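Chemist: My structure is below; once you've seen it, I'll send some questions.
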Amino acid sequence: MERYWQILHRASILADFERRLRDALEDDDDLIVEALANRYLARHPWLAEDIYRKVVLRGRRRALEARMRTLDRLLAGHNPKTVRYLSEGWRHQREEAVAELRDLEAAAALDPPPWEQILGRLKAQVREGGEGGERADA
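So, in structure tokens, the structure goes:
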């Protein structure tokens, strides 16, 4: 029971940190972003790795998987004889997405990058309109 409580506690801290960080990033307020990062990371050093794995990488993975599903639907729903150039382009885009997904999975197995790089990736996600911007779960 104690372990379950710890998991819930960590998940709530992660969700709170992510929400506040995204709000500050959307407002383009670097001072608040820095203050939040200093405050949360000083108290909970594991947060940087969790933000990287459960927010940044998961968001990018979901976006790639959605793109692959879209390309699969496009490839399945047309006549390749009449629009051959389209199917070749879609197939090539799908192969690129698969390769990027493999690279992403390999990156997840490595140690997370420094906080500045993690924050940069999160900023890019927020600027792109939340591509893969789902909130973190446990």
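For the sequence shown, this note's numbering assigns the number 7 to the initial residue and increments by one for each residue that follows.
Every residue gets a Cβ at the ideal spot worked out from N, C-alpha and C, and that includes glycine.
Predicted model only: the values in this text are computed from it and were never measured.
Mind checking whether leucine 81 and glutamate 106 have CB atoms under 8 Å apart?
Modeler: The answer is no: Cβ separation not under 8 Å.
Chemist: Excluding the 5 residues preceding and the 5 following alanine 113 in the sequence, name in chain order all residues of the same chain whose CB lies nearer than 8 Å to its CB.
Modeler: Leu63.
Chemist: What do you reckon, is the C-beta of alanine 54 under 7 Å from a heavy atom of the ligand FAD?
Modeler: In terms of ligand content, the structure shown is empty, and the ligand FAD therefore cannot be addressed.
Chemist: Do you know how far the Cα of isoleucine 57 is from the Cα of leucine 77?
Modeler: Rounded to the nearest angstrom, the two C-alpha atoms are 29 Å apart.
Chemist: By DSSP, does glycine 145 sit in helix, in strand, or in coil?
Modeler: Residue coverage of the chain in this structure runs from 7 to 144, which leaves residue 145 outside it and unanswerable.
Chemist: Is proline 118 near arginine 59, with beta carbons less than 8 Å apart?
Modeler: Cβ atoms of proline 118 and arginine 59: closer than 8 Å.
Chemist: For histidine 50 and glycine 126, I'd like the C-alpha separation in whole angstroms.
Modeler: Cα to Cα, the separation comes out at about 20 Å.
Chemist: One question on the structure: do arginine 66 and leucine 31 come within less than 8 Å of each other, judged by their Cβ atoms?
Modeler: Cβ atoms of arginine 66 and leucine 31: not closer than 8 Å.
Chemist: State buried or exposed for arginine 46, treating a residue as buried only when at least 16 other CB atoms are found within 10 Å of its CB.
Modeler: The sequence given here has tyrosine at residue 46, not arginine. So tyrosine 46 ends up on the buried side.
Chemist: For valine 104, is the classification buried or exposed, using 16 other Cβ atoms within 10 angstroms of its Cβ as the cut-off for buried?
Modeler: Exposed is the call here.
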